[in-house]
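Colleague: Residue numbers (full-length UniProt numbering), protein chains in the order written: chain A, 1 to 335; chain B, 1 to 335. Sharing a structure with you now.
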DNA sequence: CTGTTAGCGCATTCAT
DNA sequence: ATGAATGCGCTAACAG
């Protein structure tokens, strides 16, 4: 037998569906004993309101859509964790969607219309306008680290350039000179900006930049490490554009018998939880992506409450110096 | 201006709403030129179907609800990754929900009614009947590693007992005798079964079990390591009920100057991606949770296609021996 | 082939 | 305080 509807409850309780609705939704204009009766009948019938129907009638879903580039690796998992925590605290459901390629990403976004009240999109690779083109302009959307766009959506931008610059400064202060940058994929906003910061700092110190292009995955780090190991005048520092690549390199160096940081320093970006668990612990730039995710939900909630928000909020990553770039290897990861 | 509805398109295209629906949904009984015209008008108006309304009318949402215990740590992230990959491939949306405490978990499940066609629930701590009590029996539900339940839902069970037993055998074969088990929280199904397997193997070999209770988080591992370090007749192996605790201990031993595995072997459970990246790489039992997640979606899809499924599918974890339990520390994690 | 109509399940006017 | 009727946006059955 199919699920009980409000009509079934009304019939069984011998009242109208309007009364059932009012009783169950806690309206005041229902006699106390009628309310109790209706509630009892509803429970007995195992009645659960049909959220879809309700949201159609209310023009409000109490859900927000989340578009992430990927779920592989800790970075986006952390973002999702932050989003989920705040959304749950606010009683908002989460409709999840990942960019499994442009096509499916856009498709999946289309299907969010009528299902969610707002969107959070993190897509450093994709022009969000391309995605939003197929969407009602009326859907409030908070952007996180997206490429430049004409629209004035509320958004978060990470100050990658300054952060990468600061990391190079740190490496130079630690006595490194032949600093290689393992970048993210071309066209990715974060990747490009980190490259810019790296180059700026190197040039300022009269050092020549050397950039290898990676893919933000561990494999890129491993491959780069292997490439570096055999070289005549070996690099004395590898600055990877994210932690996964840095860790891939770290492990590869280790396997090859190279000491980190004595033979070569390694630095990453993001400060994923894993960073402090590898040996030696990884120096990195803390982005605090979970906090950004949580804050994004707060902004969405504020907009849904009628607030106005077109602000670009800047996130400034913080240097987290750890053993992988420090001479004193007795520095172990903190508990 | 609000979003365009099917009526707006119909009016602008000077056809009926039925024709619009048919044209846009690719029905054959529409003249080619009419279809093109409708499509053009729809695009011009930026029309996107209201998925909520559509699913109300179709009694089908094309979405599945996912209930996870937690998003902290890699284990459940990996599960979600597996689920997401398969769901996306099948064009299913994902409504995400985590057990932020019983109350909110149950609440959130209620709101899924009318929003999803099926449920995937992973809840080793909670009796799923308690959760499903508030839900229509008609919602197909696939269970992963849930405590015993009366209902005959399709489900996945992990053979924790055999796996824990096998891990103890491995440690004994490596010459260990004073093997301590750091368990998960009491009441958690996986935790209890791993305890049972550990005890069985220890007893069979005439060794006395020693169980410390943890919480599946890194902190438990750290604390346990500290407790073990000072003891007179120190343990020569620590078998943690999951990888995060094992890694917490690994790092703590390292900081304290204890060599792993020379001074003490460490083993985990789950084989999260992180396990092979720590130093020394962690011996563990591979559960393949991402694959389970993907398979759960496949089962859901099959049920949605009219299939019948009340099977209990057993997952048998596989031993992954790595450096943390092997004498030869020249074994490094594979690339 | 196309238009008209009737719901999907619910919340909410407007009456009473 | 309660009931009857309307509509949210869409699809499908029924006519033509």
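Ideal Cβ positions, reconstructed from N, Cα and C, are used throughout, including at glycine.
For the segment 241-256 of chain B, enumerate the residues whose C-beta is nearer than 7 angstroms to any C-beta of chain A, in chain order.
Modeller: Listed by position, the residues of the segment 241-256 of chain B near chain A (Cβ gap below 7 angstroms) are 247, 251, 252, 254 and 255.
Colleague: Kindly list, in the order they appear in chain A, the residues whose Cβ is closer than 9 angstroms to that of residue 53 of chain B.
Modeller: In chain order: 52, 56 and 114.
Colleague: In chain A, which residues lie with their C-beta within 9 angstroms of the C-beta of residue 134 of chain B?
Modeller: Chain A residues near residue 134 of chain B: 46 and 48.
Colleague: I'd like the span of the alpha helix (DSSP H) that includes residue 167 of chain B, first residue to last.
Modeller: Looking at the DSSP string, the run of the alpha helix (DSSP H) that includes residue 167 of chain B is 160-173.
Colleague: Okay, do the segment 15-29 of chain B and the segment 302-320 of chain A touch, 3+ Cβ pairs below 8 angstroms being the bar?
Modeller: These segments do not touch.
Colleague: Report back the beta-carbon spacing between residue 98 of chain A and residue 152 of chain B to the nearest angstrom; my notes put them in contact at under 8 angstroms.
Modeller: Residue 98 of chain A to residue 152 of chain B, Cβ: 33 angstroms. No contact.
Colleague: Per DSSP, what kind of secondary structure is residue 289 of chain B in: helix, strand or coil?
Modeller: Of the three classes helix, strand and coil, the one that applies to residue 289 of chain B here is helix, per DSSP.
Colleague: Classify residue 203 of chain B as buried or exposed, calling it buried when 16 or more other Cβ atoms lie within 10 Å of its own Cβ.
Modeller: So residue 203 of chain B ends up on the exposed side.
Colleague: Whole-angstrom Cβ separation of residue 224 of chain B and residue 201 of chain B, contact assumed at under 8 angstroms?
Modeller: 20 angstroms between Cβ atoms; not a contact.
Colleague: Please name the residues in the segment 28-39 of chain A whose beta-carbon is closer than 8 angstroms to at least one beta-carbon of chain B, in chain order.
Modeller: Going along the segment 28-39 of chain A in chain order, one finds no residue with a Cβ nearer than 8 angstroms to chain B.
Colleague: Is any beta-carbon of chain A found at less than 8 angstroms from that of residue 25 of chain B?
Modeller: False, the Cβ-Cβ gap to chain A never drops below 8 angstroms.
Colleague: According to DSSP, simplified to helix, strand and coil, what is residue 181 of chain B?
Modeller: Three-state result, residue 181 of chain B: strand.
Colleague: Helix, strand or coil, according to DSSP, for residue 196 of chain B in the structure here?
Modeller: Three-state DSSP puts residue 196 of chain B in a helix.
Colleague: I believe residue 62 of chain A touches residue 117 of chain A by the beta-carbon criterion, under 8 angstroms. Please report the beta-carbon distance rounded to the nearest angstrom.
Modeller: 7 angstroms between Cβ atoms; contact.
Colleague: On the three-state DSSP scale, how would you describe residue 30 of chain B?
Modeller: Note: residue 30 of chain B maps to coil in three-state DSSP.
Colleague: Output the residue ranges of the alpha helix (DSSP H) runs that lie fully inside the segment 226-309 of chain B and measure 4 residues or longer, sorted by chain position.
Modeller: 243-255 and 289-304, all fully within the segment 226-309 of chain B.
Colleague: One question on the structure: do residue 274 of chain B and residue 277 of chain A come within less than 8 angstroms of each other, judged by their Cβ atoms?
Modeller: In contact: residue 274 of chain B and residue 277 of chain A (Cβ atoms closer than 8 angstroms).
Colleague: Run through DSSP, which three-state label would residue 63 of chain B get?
Modeller: Residue 63 of chain B falls in the strand class under three-state DSSP.
Colleague: Check residue 123 of chain A in the structure and name its three-state DSSP category.
Modeller: Reduced to three states, the DSSP call for residue 123 of chain A is coil.
Colleague: Using the beta-carbon of each residue, which ones in chain B are nearer than 9 angstroms to residue 215 of chain A?
Modeller: Those do not exist, as residue 215 of chain A stays about 15 angstroms from chain B at its closest Cβ, beyond 9 angstroms.
Colleague: So who's on the other strand from residue 323 of chain A, going by DSSP bridges?
Modeller: In the DSSP output, where bridge partners are listed per residue, residue 323 of chain A has none listed.
Colleague: For residue 110 of chain B, which three-state DSSP category applies?
Modeller: Reduced to three states, the DSSP call for residue 110 of chain B is helix.
Colleague: My understanding is that residue 195 of chain A touches residue 183 of chain A, with C-beta atoms under 8 angstroms, so please give their C-beta distance in whole angstroms.
Modeller: Indeed, because the Cβ distance is near 5 angstroms, the residues count as touching under 8 angstroms.
Colleague: Please identify the residue among A:324, A:176 and A:299 whose C-alpha is closest to the C-alpha of residue 92 of chain A.
Modeller: Residue 92 of chain A has its Cα closest to that of A:299, out of A:324, A:176 and A:299.
Colleague: What three-state label does DSSP hand residue 176 of chain A in the structure shown?
Modeller: Here residue 176 of chain A sits in coil by DSSP.
Colleague: Closer than 7 angstroms: is that where the CB of residue 105 of chain A sits relative to any heavy atom of the ligand ADP?
Modeller: Looking at this structure, you won't find the ligand ADP or any other ligand, since it has none at all.
Colleague: Run through chain A and tell me which residues come within less than 7 angstroms of residue 270 of chain B, C-beta to C-beta.
Modeller: What residue 270 of chain B touches in chain A: nothing, since even the nearest Cβ is about 15 angstroms away.
Colleague: Strictly under 8 angstroms for the Cβ-Cβ distance: is residue 212 of chain B near chain A by that measure?
Modeller: So, not an interface residue.
Colleague: Is the separation between the beta-carbon of residue 167 of chain A and that of residue 253 of chain A shorter than 8 angstroms?
Modeller: Not in contact: residue 167 of chain A and residue 253 of chain A (Cβ atoms no closer than 8 angstroms).
Colleague: Below 6 angstroms CB to CB, which residues in the same chain sit around residue 267 of chain B once its five sequence neighbours on both sides are set aside?
Modeller: Answer for residue 267 of chain B: 167, 239, 283 and 325, listed in chain order.
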